[in-house]
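Under the numbering used here, the first residue of the sequence shown carries the number 1, and numbering increases by one thereafter. Heads up: the structure comes next, in structure tokens.
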Amino acid sequence: MILLHYDVLTVALLTITSVQAFRSSNQSDALRRRLRQFDLTQSSANFYRINDAVDGPNVNNIETYFYGLENTHPNSVNYLLKQDEAEFSQKETITYETTEYRLPTSVVPDRYVITLIPNLDDGNFTFVGTVEITLNVTNATNAITVHANDLEIDNESVSVHRLTDEVDLVVLGLSPDAGRHFFTVTVADSLVVGQQYRLRINYTGHLREDMGGFYRSYYYVGTEKRWLASTQFQPTSARRAFPCFDEPGLKAIFKVSIGVDSGRHALANMPVESIDVD
Numbered sequence: 001m002i003l004l005h006y007d008v009l010t011v012a013l014l015t016i017t018s019v020q021a022f023r024s025s026n027q028s029d030a031l032r033r034r035l036r037q038f039d040l041t042q043s044s045a046n047f048y049r050i051n052d053a054v055d056g057p058n059v060n061n062i063e064t065y066f067y068g069l070e071n072t073h074p075n076s077v078n079y080l081l082k083q084d085e086a087e088f089s090q091k092e093t094i095t096y097e098t099t100e101y102r103l104p105t106s107v108v109p110d111r112y113v114i115t116l117i118p119n120l121d122d123g124n125f126t127f128v129g130t131v132e133i134t135l136n137v138t139n140a141t142n143a144i145t146v147h148a149n150d151l152e153i154d155n156e157s158v159s160v161h162r163l164t165d166e167v168d169l170v171v172l173g174l175s176p177d178a179g180r181h182f183f184t185v186t187v188a189d190s191l192v193v194g195q196q197y198r199l200r201i202n203y204t205g206h207l208r209e210d211m212g213g214f215y216r217s218y219y220y221v222g223t224e225k226r227w228l229a230s231t232q233f234q235p236t237s238a239r240r241a242f243p244c245f246d247e248p249g250l251k252a253i254f255k256v257s258i259g260v261d262s263g264r265h266a267l268a269n270m271p272v273e274s275i276d277v278d
């Protein structure tokens, strides 16, 4: 096996919202009112081509535009405007208490060290992963909550290490919440503000074909079908590749290692730092 280590990656896990272009100026106004309702103002979001989408020459082409929410308001939600939506007042709106779906911010990520080893042979489309997250504490707490979705976590591997004095904390409990994609680690000692800790988790996952998270696809060389593994983290699929703080405001530094069998290649958007051959 070849293990490729990539230089530190600075990554923002952005929440992406899709917006449909509307055919009339009235619907353009309705779109703006709806964006204002959810606090998606110019000060809280970077809009890319949104003006063209609702006012410009593309207004007659029902296209999807994406924009990243750089600084989401705590009460903002991702709202998908449907193509057949003519009058907002005529549609039933489902509202959520969105703060319940946001991660606590008592602990925030500083950097990730991730190892991913995909298995594409013999129809065994799985992967093995390890994540180590260096954490900063902003408020005293004894709980660490991260996102994890469609991952099988090795509970015995979960550990919390205090970096200041190299002490492992006692893990009291692990609480998965499949509905909200939460995974909470509770420790015996309160985490101290200003100190750093390291959360380590081993896990496995499935390389599915739905183009989300860490997934599988294929291509042909002549008549030979060949498989590949790829990633798609937008809007909220990073949590399907590794446990993480999968929110746009919780940016961190990433260092990633990818393990591949001999004869396969690994490609990334950063240069290879080193290669280990097993």
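Ideal Cβ placement from N, Cα and C applies to all residues, glycine included. Quick caveat: nothing in here was measured; it's all calculated off a predicted structure.
Handout entry: Val-146 beta carbon less than 7 Å from that of Pro-243
Key = yes
Problem - Exposure of Pro-109, with buried meaning 16 or more beta-carbon neighbours within 10 Å - result: buried
Exercise for the section: For Asn-155, name the three-state secondary structure that DSSP assigns. Expected result: helix
Problem - Reference Asp-261; option with closest CA among Thr-105, Asn-269, Val-277 - result: Val-277
Exercise for the section: Specify, as a first and last residue, the run of the beta strand (DSSP E) that Arg-200 falls within. Expected result: 196 to 206
Practice task
Give the straight-line distance between the Cα atoms of Ile-117 and Asn-124, rounded to the nearest whole angstrom.
Solution key: 12 Å
Problem - Helix, strand or coil at Arg-240 [DSSP, three-state] - result: helix
Problem - For Glu-247, three-class secondary structure by DSSP - result: coil
Exercise for the section: Assign Val-167 to one of two classes, buried (16 or more other C-beta atoms within 10 Å of its C-beta) or exposed (fewer than that). Expected result: exposed
Problem - Simplified DSSP state of Glu-166, which is helix, strand or coil - result: coil
Problem - Straight-line Cα distance separating Thr-223 from Val-137 - result: 54 Å
Exercise for the section: Would you please state the rounded distance, in angstroms, between the beta carbons of Tyr-218 and Trp-227? I believe it to be under 8 Å. Expected result: 5 Å
Handout entry: Thr-145 - containing beta strand (DSSP E), residue span
Key = 141 to 147
Exercise for the section: Mind checking who Gly-129 pairs with in its DSSP beta bridge? Expected result: Leu-116, Tyr-203
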